[in-house]
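Read through the structure below, which is laid out as structure tokens, and then see the notes.
There are 2 protein chains.
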Amino acid sequence: MANIKVTIAYDGTNYHGFQEQRGTRFKTIQGVFEEKLSWLAKEEIRVIGASRTDSGVHARGMVVNFKPGGLLIPPERLTYALNGVLPQDISALKAKKVSAAFHARFSAVAKTYRYVIYNGKMPLPYLRLYSYHVHRALDIGAMREGARCLIGRQDFSSFRALGTPVKTTVRNLFDIKISKMCELIYIDMRADGFLYHMARMIAGTLIQVGMGKLKPHQVAEILAGCDNMMGGPAVPARGLFLINIEYPAHALVC
Amino acid sequence: MANIKVTIAYDGTNYHGFQEQRGTRFKTIQGVFEEKLSWLAKEEIRVIGASRTDSGVHARGMVVNFKPGGLLIPPERLTYALNGVLPQDISALKAKKVSAAFHARFSAVAKTYRYVIYNGKMPLPYLRLYSYHVHRALDIGAMREGARCLIGRQDFSSFRALGTPVKTTVRNLFDIKISKMCELIYIDMRADGFLYHMARMIAGTLIQVGMGKLKPHQVAEILAGCDNMMGGPAVPARGLFLINIEYPAHALVC
């Protein structure tokens with residue numbers, strides 16, 4: 001049975017997150033994607049998503065996989081077929097056959113999220129759904145200094161919203177890059193996984209450092225405290241983009 | 001009587017252009033702005049806009065002016081007051097008192113428009129309302145070469161949609177800059193004025209050059225032809241941003 005991996009992008013504004021919530025009336029990206037895919041495949045298909053993204057979070061590199069029962073459109077044509085039926089706020093970027101063992105969630109070895117801050121003085125309407133507006137000028141140097149201590153394999157309990165039970169709160173944060181382009185500031189975080197709200201709480205804490213409300217060295221204290229009341233607040237979902245998910249080569253060959 | 005200049009930004013997606021069309025039910029940026037300004041000023045206020053932008057066109061530097069009859073909120077506080085009542089897709093960026101002779105449209109000496117092209121292979125949903133998607137890779141070098149002949153004081157009849165009668169079709173195009181950032185291509189056009197659809201038809205023609213459908217030297221032939229059937233089609237409004245409007249110093253002092 002073929003195993004198909006599809007990379008998708010979406011504007012999360014009008015959805016209640018990625019993951020389908022069966023039995024509810026909330027519109028989710030997974031729900032709409034499965035509906036259109038099933039229609040094309042002429043069979044009921046459920047997909048496995050690599051990540052749950054919250055309501056309002058966007059993606060340019062979400063990954064799903066599924067095993068169609070019958071014959072399906074060849075992967076090289078599947079993206080075009082999907083984009084012909086998907087609404088404009090969801091699009092298929094790539095599709096390929098992968099090994100039977102490939103699992104969008106469990107095979108993933110790294111994920112990259114980007115948090116976008118618009119740091120102009122006054123609000124810019126056309127950025128409002130795709131960034132978080134911080135009008136006070138942020139000190140990028142201080143933010144970079146504060147971010148440094150977060151890199152590595154550590155317990156991120158301080159940067160986690162309670163809710164979903166997890167086996168461990170240890171994650172390996174491979175890198176944080178903070179860059180500025182005109183009035184936009186990007187916080188790019190690459191890790192082996194993210195706890196619930198972790199990316200948004202790290203961004204919120206670094207914004208407080210950028211504002212001078214926290215000193216850079218206090219980020220290390222917050223991390224060491226392992227207390228989710230100490231970290232910055234989770235900044236709004238609309239600034240967050242799931243950029244990329246990485247898999248080992250052996251999971252991709254088929 | 002005070003004369004107030006306000007710089008505004010907007011997301012044009014949900015409006016029928018900037019200019020109010022009295023007696024119609026179309027929602028315009030000017031209409032909404034005047035309604036909120038009048039409410040704050042407690043008197044009926046009409047504003048003069050520097051430019052008409054089409055349905056779907058965005059702005060980060062539209063300029064309006066108006067002469068309030070009574071006392072109004074001081075300019076330094078007016079932007080905050082306006083942003084408190086305007087919908088999220090319109091915002092006031094700056095407000096200042098200007099000379100009585102200042103006229104948002106007639107005093108303008110230069111306008112800059114930016115056309116945004118998303119040149120990735122597959123559609124990116126969160127860019128769909130703020131760019132034009134061209135999936136075929138564009139040759140920036142050829143576009144720059146084609147753009148060069150447009151610079152200067154010339155008859156732009158070939159880059160004009162018929163409709164509004166104008167005294168002259170001669171405009172001075174001070175500069176065109178084409179830049180690329182990842183998969184986004186920006187065409188920045190600065191001129192003393194733009195004919196109806198001129199910015200979008202220039203962008204459309206340069207895109208055809210970038211695709212190889214037109215040779216760079218043919219842009220000069222199209223310009224010389226003075227025939228609006230020769231130029232490229234006007235590309236969609238959603239990729240166009242009114243960036244900036246310039247005024248001479250004497251019009252601004254008060």
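So the sequence lines, in the order shown, correspond to chains A and B. Sequential numbering from 1 applies to the first sequence in the numbering used here. Sequential numbering from 1 applies to the second sequence in the numbering used here. The beta-carbon is built from N, C-alpha and C at its ideal position, and this holds for glycine as well.
Evaluate contact between the region 147-156 of chain B and the region 169-180 of chain B, counting only Cβ atoms and requiring at least three cross-stretch pairs below 8 Å. Verdict: yes, contact present.
Report the CB separation of arginine 105 of chain A from alanine 50 of chain A in whole angstroms; it is logged as a contact under 8 Å. By 1-based counting over the first sequence, the position of residue 105 of chain A is 105. By 1-based counting over the first sequence, the position of residue 50 of chain A is 50. Distance from arginine 105 of chain A to alanine 50 of chain A at the Cβ level is roughly 5 Å; contact confirmed, criterion being Cβ atoms closer than 8 Å.
For a contact defined as C-beta to C-beta under 8 Å, what are the partners of leucine 91 of chain B on chain A? Taking the second sequence and counting its residues from 1, one reaches residue 91 of chain B at position 91. Just to set this straight, residue 91 of chain B is serine in the shown sequence, not leucine. For a Cβ distance threshold of 8 Å, residue set Met122, Pro123, Leu124 and Pro125 of chain A lies close to serine 91 of chain B, ordered along the chain.
Burial state of serine 179 of chain A, where buried means 16 or more other Cβ atoms lie within 10 Å: Translated into the one-based positions of the first sequence, residue 179 of chain A becomes position 179. Serine 179 of chain A should be labelled exposed.
Residues of chain B with CB closer than 7 Å to the CB of glutamine 130 of chain A, please, in chain order. In the first sequence, residue 130 of chain A corresponds to position 130, counting from 1. Looking at the sequence provided, one finds tyrosine at residue 130 of chain A rather than glutamine. Under the 7 Å cutoff, chain B gives Tyr126.
Own chain, CB closer than 6 Å to arginine 114 of chain A, minus 5 neighbours either side, in chain order: The count along the first sequence starts at 1 and reaches residue 114 of chain A at position 114. Tyr186, Asp188, Phe241 and Ile243, listed in sequence order.
Can alanine 9 of chain B and alanine 59 of chain B be called in contact, C-beta distance under 8 Å? To locate residue 9 of chain B, count along the second sequence from 1; it is residue 9. To locate residue 59 of chain B, count along the second sequence from 1; it is residue 59. Less than 8 Å divides the Cβ of alanine 9 of chain B from the Cβ of alanine 59 of chain B.
Report buried or exposed for arginine 276 of chain B, applying the criterion of at least 16 other Cβ atoms within 10 angstroms of its Cβ. As shown, chain B starts at 1 and ends at 254. That puts residue 276 of chain B outside it, with no answer to give.
In chain order, what residues of the region 107-122 of chain B put their CB closer than 7 Å to some CB of chain A? Listed by position along the chain: Met122.
At which residues does the beta strand (DSSP E) containing tyrosine 15 of chain B begin and terminate? Counted from its first residue, the second sequence places residue 15 of chain B at position 15. Boundaries for tyrosine 15 of chain B: no beta strand (DSSP E) harbours it, and the DSSP string shows neither H nor E there.
With distances taken between CB atoms, is the gap from isoleucine 90 of chain B to asparagine 65 of chain B smaller than 8 Å? One-based indexing of the second sequence puts residue 90 of chain B at position 90. One-based indexing of the second sequence puts residue 65 of chain B at position 65. No, the pair does not count as a contact, with Cβ atoms beyond the cut-off.
Got a sec? Which residues, its chain only, sit under 6 Å from leucine 93 of chain A by beta carbon, not counting five neighbours each side? Translated into the one-based positions of the first sequence, residue 93 of chain A becomes position 93. If you ignore the 5 residues before and after leucine 93 of chain A, its C-beta comes within less than 6 Å of the C-beta of Thr7 and Ala9, all in its own chain and listed in chain order.
Going by beta carbon distance, what residues of the same chain come within less than 8 Å of proline 68 of chain A, once the five residues before and after it are set aside? Numbered from its first residue, the first sequence carries residue 68 of chain A at position 68. Closer than 8 Å at the Cβ level, and outside the excluded window around proline 68 of chain A, lie Met1, Ala2, Ile4, Ala41, Glu43 and Ile45.
Who does leucine 242 of chain B pair with in a DSSP beta bridge? In the second sequence, counting from the first residue as 1, residue 242 of chain B sits at position 242. Answer is B:Ala59 and B:Tyr113, bridged to leucine 242 of chain B.
So who's on the other strand from isoleucine 207 of chain A, going by DSSP bridges? By one-based count along the first sequence, residue 207 of chain A stands at place 207. Looking at the DSSP assignment, isoleucine 207 of chain A forms no beta bridge with any residue, so it has no partner.
What residues in the region 191-219 of chain A have a beta carbon less than 8 Å from any beta carbon of chain B? Here the close residues number zero.
Is any beta-carbon of chain B found at less than 8 Å from that of aspartate 11 of chain A? Residue mapping note: residue 11 of chain A aligns to position 11 of the first sequence, counting from 1. At least one beta carbon of chain B lies nearer than 8 Å to the beta carbon of aspartate 11 of chain A.
What does DSSP give as the partner residue(s) for aspartate 54 of chain B in the beta ladder? In the second sequence, residue 54 of chain B corresponds to position 54, counting from 1. When DSSP reads this structure, aspartate 54 of chain B sits in no beta bridge, so it has no partner.
Please state the DSSP three-state secondary structure of threonine 7 of chain B. Walking along the second sequence from the start, residue 7 of chain B turns up at place 7. Correct three-state label for threonine 7 of chain B: strand.
Short CB-CB distance (under 8 Å) between arginine 77 of chain A and chain B: In the first sequence, counting from the first residue as 1, residue 77 of chain A sits at position 77. At least 8 Å separates the CB of arginine 77 of chain A from every CB of chain B.
Taking C-alpha atoms, which residue in B:Phe18, B:Ala251 and B:Ala220 lies nearest to aspartate 155 of chain B? On the second sequence, residue 155 of chain B is found 155 positions in, with the first residue counted as 1. Taking only the C-alpha atoms, the option nearest aspartate 155 of chain B is B:Ala220.
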